[in-house]
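First residue of the sequence shown: 12, per my numbering; consecutive thereafter.
We treat Cβ as the ideally placed atom computed from N, Cα and C, and that holds for glycine.
Heads up: the structure comes next, in structure tokens.
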Amino acid sequence: MRVFFDGGVVVEGRGFKVLVDPFRPFREAEYDAVLLTHGHSDHVTRHVRRAFAVLTRETLQVLLVRYGVRPRRYALVRPGDRLDLGKFYLHVLNAGHVPGSVMYVLESREGTVGLTGDFNPAGSNVVGGADAVEADVLVMEATYGSRQYVFPPRERLYGEIAALADRGDAPVAIRAGPLGKGQEMARLLPSRRLYLEPRIAALNRALGFPGGRELARGVRPGPGEAVVLGLTSRPPPGSLVVELSGHYAVAKPERGVGIPLSNHADFPALLETALRSRAKRIYTVYGHVDELARWLNRLGLRASRIPPRGQTELTQWL
Ligand SMILES: [Zn+2]
């Protein structure tokens, strides 16, 4: 069995090959299946429309709203499912990252491979915390795999955001990733004082989150009101900008307030997940791949960043 990175995580065993979370075009004929863990744009591409895809109903909705595509063939899954794909089985676990996010454990005669995608054991007000994952080989995200990233309790951060939105002196512009935070804010903040930029409103409608109103053209939120915008959208003039990202555990925004609300595991949670996985081999992917691997090796695990295509090792754990 080989595990490597080629525009997504590739798992190649005897008689099968799968691609996980491709973010660029790929040759669909090479793969038996494309596994999608969630709908963020660094984990999915419109090119999945030509492949056989495994995904959740929510991720399918995101694909439709964002790209207007539906895979030609697909299997809908949810946490707890065990899918028989002939040469291998897929166990589906909750990832706790954003609505519809899952992790997979691929099981074949050669052993098991855990694929976390992005995950968060702490969960949020819209998704439960990630399930524990056990596998022979673990491919895990390292987005916040640097030891300065320790996130405060989510309830405290929700309290801070709600208090800022409640200020009566200026409208509050909350800038955040639309998938995940868009639904959290719709559930957290009072609906009659909340606006959503149109693409977030469309996403929330598709995913079944009713809170807030779509910000119509020409409407300006007033003091005591809040608007949720994407990270690159321009805030209304005179508003207090509140940005939500795990990076604000260590950095400050250019202006306004930065709140370290993240949908990812923080550094201690990454270490704990790795230790509890009992994996004989760990590959890190996305973000601080080398730093996290160094720490995991210090803890006695065998870890390294995922190799690119062409530099693979045949895994020795068999
Ligand atoms: Zn993500």
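Residue j beta carbon less than 8 Å from that of residue i
i: Met151; j: Ala285; result: yes
i: Pro33; j: Val45; result: yes
i: Met163; j: Pro271; result: Position check: residue 163 holds Pro in this sequence, whereas Met was assumed. Contact flag set, yes.
i: Gly107; j: Arg68; result: no
i: Val21; j: Lys28; result: yes
i: Val238; j: Ala184; result: yes
i: Val88; j: Val109; result: no
i: Leu242; j: Ala187; result: yes
i: Gly298; j: Thr70; result: no
i: Gly128; j: Thr48; result: yes
i: Pro234; j: Ala181; result: yes
i: Leu199; j: Leu214; result: no
i: Asn105; j: Ala141; result: yes
i: Phe16; j: Pro279; result: no
i: Arg313; j: Lys291; result: yes
Helix, strand or coil at residue i [DSSP, three-state]
i: Ala107; result: Looking at the sequence shown, residue 107 is not Ala but Gly. Three-state DSSP puts Gly107 in coil, outside helix and strand.
i: Lys28; result: strand
i: Glu69; result: helix
i: Tyr85; result: strand
i: Ser244; result: coil
i: Asp301; result: helix
i: Gly4; result: Because the chain here runs from 12 to 329, residue 4 falls outside it and cannot be looked at.
i: Phe34; result: coil
i: Pro132; result: coil
i: Ala213; result: helix
i: Arg231; result: coil
Whole-angstrom distance between residue j and residue i, CA atom to CA atom
i: Arg224; j: Glu118; result: 44 Å
i: Tyr259; j: Leu168; result: 12 Å
i: Gln159; j: Tyr85; result: 40 Å
i: Gly79; j: Leu255; result: 27 Å
i: Arg93; j: Leu101; result: 6 Å
i: Ser315; j: Leu207; result: 41 Å
i: Glu265; j: Phe220; result: 31 Å
i: Val31; j: Arg178; result: 44 Å
i: Leu175; j: Ile211; result: 20 Å
i: Pro36; j: Arg203; result: 42 Å
i: His275; j: Tyr115; result: 17 Å
i: Asn308; j: Arg165; result: 29 Å
i: Phe63; j: Lys263; result: 42 Å
i: Gln327; j: Leu66; result: Annotation note: pLDDT 44 at Gln327 (below 50); position unreliable, coordinate value reported separately. Each residue's alpha carbon lies about 30 Å from the other.
i: Val252; j: Glu145; result: 41 Å
Beta bridge counterpart(s) of residue i as assigned by DSSP
i: Ile185; result: Val239 and Val253
i: Met151; result: Thr295
i: Ile270; result: Leu255
i: Met114; result: Leu104
i: Glu225; result: Leu207
i: Pro201; result: Looking at the DSSP assignment, Pro201 forms no beta bridge with any residue, so it has no partner.
ask   = For the 8 Å Cβ check, are there 3 or more pairs between the region 53-62 and the region 132-144?
value = Counting C-beta pairs closer than 8 Å gives fewer than three between the region 53-62 and the region 132-144, which falls short of the contact rule.
key: Contact between the region 124-131 and the region 238-258 (3+ Cβ pairs under 8 Å)   = No contact exists between the region 124-131 and the region 238-258.
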